[in-house]
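Per the numbering used here: the sequence shown ends with 1635, consecutive numbering throughout.
Cβ atoms here follow ideal geometry from the backbone N, Cα and C, with glycine treated the same way.
Heads up: the structure comes next, in structure tokens.
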Amino acid sequence: MDDFEKAVLVSFDQSGTVDAGLREWAGAYCEQAKQSPEIWQLCLHRFSTSGYAEVRFWSLQTLHQVLKERYNSLNAEQLKLLKGTLMAWSQATGKAEGSQLPGFLLNKLAQIIARIVREQYPQQWPTFFSELIAMAGEGAGAVDMFCRILEALDDDIISLEFPRSQAEAQIATDLKDAMRERCLPELLGTCYQMTLALHSQQPSLAAGILDAISRYVTWIDISLIANDQFVPLLFALLTSSNEELAISSAEVLTEIVSKRMEAAAKLAMTQQLALSDRTAAWAAALRPGDENVSQELSFRCSRLLSTLATEVLEAWKRVENSMVSMAAVGLAVAAEATAEASAAAAAAQGMLSTLFPPVLKLLHSSDFDVAMAGVPLLHAYVGKLKAGLKRAGNQLPEVQRQHVVAMMGALTACASYPDDLEFEEEELDDELMHSVSEKRSELFTLLKNCARVAPDDVHGFVRERLQRALSSSSTSLQEMEIVVTLVYELGEGAPEEAFKPSGSLAQLAVALMQADVPANGHPLVALALMECFVRYSRVLSQQQQHLPKVLSTMLGPHGIGHSDEGVSTRACYLLCRLCKALKTEMRGLVPLVMTGLTLHLHQVALSPPSQNPVQGTKQPQGATTPTDDRLYAFEAVGVLLGQEELPAEQQLQALESLLAPLLTQIESHLPQCAQQSASNGLLVGSGPGRPSAMVQQALEAITRISKGLSLSLCTRTRPDVGALLQRPLQLALQCPVAAPGDRALRARVISFLHRMVECLGPHLLHLLPSALAALLPPSAQAPDLVEVLSLLHQLAVRYKADLAPLVSEVLPQVVARLNALVPANYDWSGRSAGASRPTLSEGAASEEAREQGDIQKAFYSLLHALVHQSLAGALLQAGDGVVQPVLNAVIQGATLHCDPSTRRTCVQILRRVVAELATAQPQPPGYQRFLLESVAGSVCLQGLAASGLDPKDAAVNALLSDAASLLLQVAEVCGMAQLVAYAQSTLMPYMSVSKPVQDKLVSTWGSGDIKTCRPSWSSLAPELLTRVFMNLDSFEDKLRTERCCRSWHTVLSNPQAAGLWGSPQIALNTLDQRLARDKPEDDGSINLWSNSHFYLPVCRWLSRRAHGITSLHLQMTKCLGWGCGEHSSGVECDKCMTLSTHHYVFGCLCTLIGCLQNHPLDVHLKIELKCKEAVLLPFQEPMVQEAFGNCLVSLEIFPKAPDNAGQQVRGLQPNSPVWAVAAASAETG
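Written as structure tokens, this is what we have:
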């Protein structure tokens, strides 16, 4: 072993035992060897002589790299020697001594040969395929190599499944054209003869030949393989005992039937070769999905069947649609053409009828992929039936009706649970449930589509299955479950007539409601039955005689009393839905419901949920405590008892009996909560039975009951009902005092208070001060404050001016706690609160910032509610200690916040505050100065100009409208003259606003018309953005600069920005100024990382307003990314403009120039190349060549480009027709 072999072996070592220094030496040694001009000879020698597979693989790999990167460095004699050696090695694989080569070496050898074919066929190597065919006769190994080479040609050159450049796609096209012209008939003939000769003795080789052929079917002449020789052979091989051969045959046939062809030709080929009959016969004999058939072969069979049937169906549709389209536009169709189309359609329908039974048989397979392979075809078939229904007089032909019924049978079988289901009631296998659920989502969509096409047939099928299932006591749970589920699914989106007593679906539902359903104790059947009852509640509302039996089922041992916790929990939710839908009809059945639920309600109250309870519905995100869906039973009772039509005595007595044990539960456990809290023992006994959990469960049960009690019932018609809620309310207010650190209990109390606001209305006001004092102790944290702010928001909306005393009392506490939690230097812009994906070290700080952001949003929301609910006066009378911090927070939010919706909220708050202060007598000292400096100056002018706003954003437009209204309010209070004087003398000069914009704003303000003021107001932000953009260099933070550029992009892309400049020529001056600022660095390079956001919007804007431009002179001094002195040609570099950015900029300029050439325009683009290698890169892209050639009047290039590049430019003709591509893309960029 010499040093070369040692280096290769070390570089390939994966054991991890090789020293890092040795591995580095080996890598450097191998790389140095690759640089040698004679490396290809070394590779040939080492492959022939080395005994190490690694060395031989490295040799082939390096040969491939040489051919790929340095092909032009090899002369004709060297290439001839290389080809001869490679083909000799390939032929040697057919002999005994060469047959031991590993597959990975053979694949690499085939890849190298394919690379040479890519470069030389057909010009330099026209005999390649003849040599390849001749080589295939050297033996079994040669046949194997023959197949590998064909596959390598497809992988590396022909196949478009891999990403290809435009040049590579052209090479693939040229190769295919040459093969069509020169060798395909001979190649396919050889493949046929070899398959025929080898399939019995060496089926694996025959399968390899078919695998290679399948890759070429999509683009060869179909008659070369879809003929009377090849197709019978393929179908014969489908029945081969060798599974690999059968799979390969199926793949070739699938490619044949899926080849793109004219519809009539596809149908003729399918009919002539009897593909439908042969495929159906093979599938019937094979029985895909059978235990004796492998999963892979079953899948290939299902794929062939579904593909063939889909192609026949699509051809049928295209034939029919062509005739219908011509008739629709009034074109006369020859009788002969009509006859041919009718014959083709009839043939397609016949072939589809032949294929339908085996396709439907696929649905009976237990394998998911096999069963679902035909479902897309069935969807397409039903869609065709639906499209042709009008032409058929809304009545399907008998054959198609039979197809629908057959689909229903197969669909039912596929959607059913397996017959060998043996799990007990309490054990539902998750994997099995997921598999069935995944299939059902598709199948039931197909079911409902079938019902829309043939409702009578589908309903009749389900009726027959239902009658059969109900008439036998031995009906399996699988059959019963699927029948009930079919009835349930048909009810979704069904027409209203179907739910009337005479409707077919109503009759099915009534049959279920009346019957003693077999197997209804099984969880699957019990759940399906209750879901069905709720879905058909409209039937129950019209046929109320069935309600008692339905309620007995839902309240009995097969419903809420079911031993399976999941069924019982879901039954509570479904009962609540049924009570909400039918509370009027169930009024007389309240005693029945109360009797059936009493024991269950008692059990639920005494058994709080665990941390992961069984859910009957989805768990809400961000819930503080787990949701117990069993509590829906309390809500159902509340809905029934909350009806004002119930007798008062019955109602009051029932509610008292419900609330009494819950109140006792709270009273008995609240002292224990206080003891645990005092001893910091909240975590002791943290299970469901701990005192806090018991109190929470009772509180939540009362909350659920109260959802059925309306404000009118509790305060006007039945005040005694409202009085019943006073005791629970008093107990609830004791909870946060008794256990101040229990967050979960606190959340339950606040939820309960929210409900009491809706139930008790003004009767709650006298308790609110003590409630809020309990909920906002001095130790309250950020989440606690947010909860209180949300509660106050609801109170303000509900009570309006009646809440004024409470606002005056509570607001100082709220502001004091806010000041304690939000630091004085808090960033009110909201950017810190929006940080995402913090590092571990930043986690705590980010969480604190997020909590402070939540406080800010909730605080603004509360202030917005207060000032819009007639409480602005109470807010302003809360004292300077409250008013000053509140106004400061609002001013900063309106000026700085990154979210335009939040800023608009703050502006709306200020509008109401300004309106309230305007009527105050006397006005506060410094009021007008506050309006001019803080409101008009900071909020309405500086705030809008200092941050990037997107004029296309609806929220920004709304903000601008409110800001303009606020400014006019300031003008009304202070006087327009004083506002204009302040703006012109102090504010606008400080902001560097141009004189034309100043005059325009002042003139529109003077009109006092918001409709006039708003458009000019919108122009202020773009004008200031222009100023900021021209001073980008003053920003040290690149992120801020990029945001500014993006804002510039957005503003200029908006057509409304036309008011920014007096004429397009002014815009050009801005463009020229900015371009002139781009000075190259010492090495001639310039960084355009931000300018890519600048060029495109400017070019778009100018292209829309070309009529006002008289000249365009852009001087671009750039390093184009090819040779800044620190890298080799073609390598992207941070100091150079990257190729992508370079093409981006030139593409924008091409778009601009292409759009302007219809106008008299002297376009002069001066490009100075700062490259050591004078490569005229812009003109190497064909589209850019065309653009500049069609549009440029003069072009100067410095320094002078190479001769070939100059010829390239000089060959382009100026003043050519309009560049259509550029003009079409002007608006889209």
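_Host alpha helix (DSSP H) of alanine 1388 (start-end)_ = As written in the sequence, residue 1388 is tyrosine, which differs from the alanine given in the question. Where tyrosine 1388 is concerned, the enclosing alpha helix (DSSP H) stretches over 1382 to 1388.
*Based on Cα-Cα distance, which residue from Val1319, Gln420 and Leu492 lies nearest to glutamine 447?*
The residue with the shortest Cα to Cα distance from glutamine 447 is Leu492.
*Apart from the five residues on each side of it in sequence, which residues of its chain come closer than 8 Å, Cβ to Cβ, to leucine 511?*
Taken in chain order, the residues that qualify are Ala459, Arg462, Phe463 and Leu466.
*For alanine 798, which residues of its own chain have a beta-carbon under 8 Å away from its beta-carbon, when the five flanking residues on both sides are left out?*
Closer than 8 Å at the Cβ level, and outside the excluded window around alanine 798, lies no residue.
*Starting from the Cα of serine 947, find the closest Cα among Leu1282, Ala753 and Pro907 and give me that residue.*
Looking from the CA of serine 947, the closest CA among Leu1282, Ala753 and Pro907 belongs to Pro907.
*Taking Cβ to Cβ, would you say lysine 790 is nearer than 8 Å to leucine 849?*
In this structure, leucine 849 does not lie closer than 8 Å to lysine 790 by Cβ.
*Please work out which residues of its chain come closer than 7 Å, Cβ to Cβ, to glutamine 1132, disregarding the five sequence neighbours upstream and downstream, and give them in chain order.*
Residues of the same chain with their beta carbon placed closer than 7 Å to that of glutamine 1132 are lacking, with the five preceding and five following residues left out of the count.
*If we ignore side chains and look at the alpha-carbon of each, how far apart do aspartate 1664 and alanine 520 end up?*
In this structure the chain extends from 407 to 1635, so residue 1664 is not present and cannot be described.
*Are there 16 or more other CB atoms within 10 angstroms of the CB of histidine 840, so buried, or fewer, so exposed?*
Exposed is the call here.
*Just to confirm, are valine 1203 and leucine 1277 a CB contact at a threshold of 8 Å?*
One thing to note: valine 1203 has its Cβ no nearer than 8 Å to the Cβ of leucine 1277.
*Secondary structure of phenylalanine 636, DSSP reduced to three states*: In the structure shown, phenylalanine 636 sits in a helix (DSSP, three-state: H, G or I).
*CA-to-CA distance, alanine 819 to arginine 1676, given in whole angstroms*: No answer is possible for residue 1676: the residues shown for the chain start at 407 and end at 1635.
_I'd like to know if valine 1341 contacts chain D, where contact means its C-beta is closer than 8 Å to some C-beta of that chain._
Any reference to chain D falls outside this structure, which holds one protein chain only.
_Whole-angstrom C-beta distance between arginine 709 and alanine 779, which should lie under 8 Å_ = Their Cβ separation, rounded to whole angstroms, is 6 Å, which keeps alanine 779 and arginine 709 in contact under 8 Å.
_Between which two residues does the alpha helix (DSSP H) holding glutamate 1051 run?_
Glutamate 1051 -> no alpha helix (DSSP H), and no H or E assigned at all.
*Going along the chain, which unbroken runs of the beta strand (DSSP E) with 3 or more residues stay wholly within the segment 756 to 805?*
The qualifying runs do not exist here; there are none.
_Euclidean distance between Cα positions of glutamate 1193 and glutamine 1314_ = In this model, glutamate 1193 and glutamine 1314 are separated by some 23 Å (Cα to Cα).
*In terms of residue numbering, what span does the alpha helix (DSSP H) encompassing isoleucine 653 cover?*
Looking at the DSSP string, the run of the alpha helix (DSSP H) that includes isoleucine 653 is 649 to 663.
_Can you tell me whether leucine 1005 is buried or exposed? The criterion is at least 16 other CB atoms within 10 Å of its CB, across all chains shown._
By the 10 Å Cβ count, leucine 1005 comes out exposed.
*Starting from tryptophan 625, follow the alpha helix (DSSP H) in both directions and report where the run begins and ends.*
Under the DSSP assignment, tryptophan 625 falls outside any alpha helix (DSSP H); it carries neither an H nor an E label.
*Close Cβ partners of alanine 632 (< 7 Å) along its chain, the five nearest in sequence each way excluded*: The residues are Ile662, Met675 and Leu679.
*asked:* Tell me which residues share the same chain as leucine 883 and place their Cβ nearer than 6 Å to its Cβ, disregarding the 5 neighbours each side in the sequence.
replied: Cβ within range, chain order: Ala925, His928 and Val931.
*If you compare alpha carbons, which of Asp683, Ser664, Ile1297 and Ala857 is closest to glycine 899?*
Glycine 899 has its Cα closest to that of Ala857, out of Asp683, Ser664, Ile1297 and Ala857.
*asked:* Considering Cα atoms alone, identify which of Pro1189, Ser456 and Val1216 is closest to alanine 1179.
replied: Closest option to alanine 1179, Cα to Cα, is Val1216.
_Excluding the 5 residues flanking phenylalanine 636 on each side, which residues of the same chain have their C-beta closer than 7 Å to its C-beta?_
Taken in chain order, the residues that qualify are Tyr598.
*Rank Asp580, Thr579, Lys489 and Leu590 by C-alpha distance to the C-alpha of isoleucine 539 and give the top, closest one.*
Ranking Asp580, Thr579, Lys489 and Leu590 by Cα distance to isoleucine 539 puts Leu590 first.
*Using only alpha-carbon positions, find the residue among Gln1298, Leu602, Thr660 and Leu1139 that is nearest to threonine 685.*
Checking every option, the nearest Cα to that of threonine 685 belongs to Thr660.
*Take the Cβ of glutamine 1613 as the centre, count every other Cβ of all protein chains shown within 10 Å, and call the residue buried at 16 or more, exposed below.*
Below a pLDDT of 50, predicted positions are generally treated as unreliable, and glutamine 1613, at 31, falls in that range; no measurement from the model is reported.
*What's the gap between the Cα of leucine 876 and the Cα of glutamate 804?*
Straight-line spacing of the CA atoms in leucine 876 and glutamate 804 works out to 29 Å.
*Whether leucine 1323 touches leucine 1282 by CB criterion (8 Å)*: Yes, the pair counts as a contact, with Cβ atoms nearer than the cut-off.
_Please classify glutamine 572 as buried or exposed, where buried requires at least 16 neighbouring CB atoms within 10 angstroms._
The residue in question, glutamine 572, is exposed, as its Cβ has fewer than 16 Cβ neighbours within 10 Å.
*Where does aspartate 550 land, buried or exposed, given buried means 16+ other C-beta within 10 angstroms?*
Buried.
*Ordered along the chain, which non-local residues of its own chain (more than five positions away) have a Cβ less than 7 Å from that of leucine 817?*
Here leucine 817 has Leu769, Leu849, Leu852 and Leu853 as same chain residues with Cβ atoms under 7 Å from its own Cβ, once five neighbours each way along the sequence are excluded.
*Between the segment 1328 to 1340 and the segment 1358 to 1365, are three or more C-beta pairs nearer than 8 Å?*
Short answer: they don't touch.
*When the distance is taken between beta carbons, is leucine 988 closer than 8 Å to alanine 372?*
What is shown of the chain runs 407 to 1635, which leaves residue 372 out entirely.
*valine 923 - DSSP class collapsed to helix/strand/coil*: Coil.
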